[in-house]
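Take a look at the structure set out below.
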Amino acid sequence: MWHMSHTEDVQNLTYEQARDELIAIVAKLEAGSATLDESLGLWERGEALGARCQELLEGARERITEARGEDDGDDELDPAADAGVVAVIPAEEDDE
-18 MWHMSHTEDV QNLTYEQARD ELIAIVAKLE AGSATLDESL GLWERGEALG
32 ARCQELLEGA RERITEARGE DDGDDELDPA ADAGVVAVIP AEEDDE
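Everything in the sequence shown is counted per the numbering used here, starting at -18 for the first residue and increasing by one.
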């Protein structure tokens, strides 16, 4: 199963496909049931899948930035900057 090129077809995967396969690989590696050779192959495939996920997330971020009409020139990912602010406003108490 892992004898093919470890990066083969990674560029054709959607984010969800790459993420799900990466999760399965991590679970298999954590289980410790793979041989050393299999583990190395899984790790290489996992690296390629992780890079694909990162590439797709960066592309999504760029699309969001463009859609919002923002261009601050900063290509660094800063999740906190786009997290938004959520405020909890307490209900007014009745002073009767």
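Idealized CB from N, CA, C, for every residue including glycine.
Everything numeric in this text was worked out from a predicted model, so none of it was measured.
Here glycine 50 is exposed, its C-beta having fewer than 16 other C-beta atoms within 10 Å. Residue environment analysis places isoleucine 6 among the buried positions, since at least 16 neighbouring C-beta atoms fall within 10 angstroms of its C-beta.
Secondary structure of arginine 49 (DSSP, three-state): coil. Pairing alanine 15 with tryptophan 24, the inter-Cα distance amounts to about 11 Å. Shown here, leucine 30 sits in a helix according to DSSP, grouped into three states. Inter-residue distance for glycine 40 and alanine -1 is about 15 Å (C-alpha atoms, whole angstroms). In the structure shown, leucine 37 adopts helical secondary structure according to DSSP, grouped into three states. The Cβ atoms of arginine 33 and glutamine -8 lie closer than 8 Å to each other.
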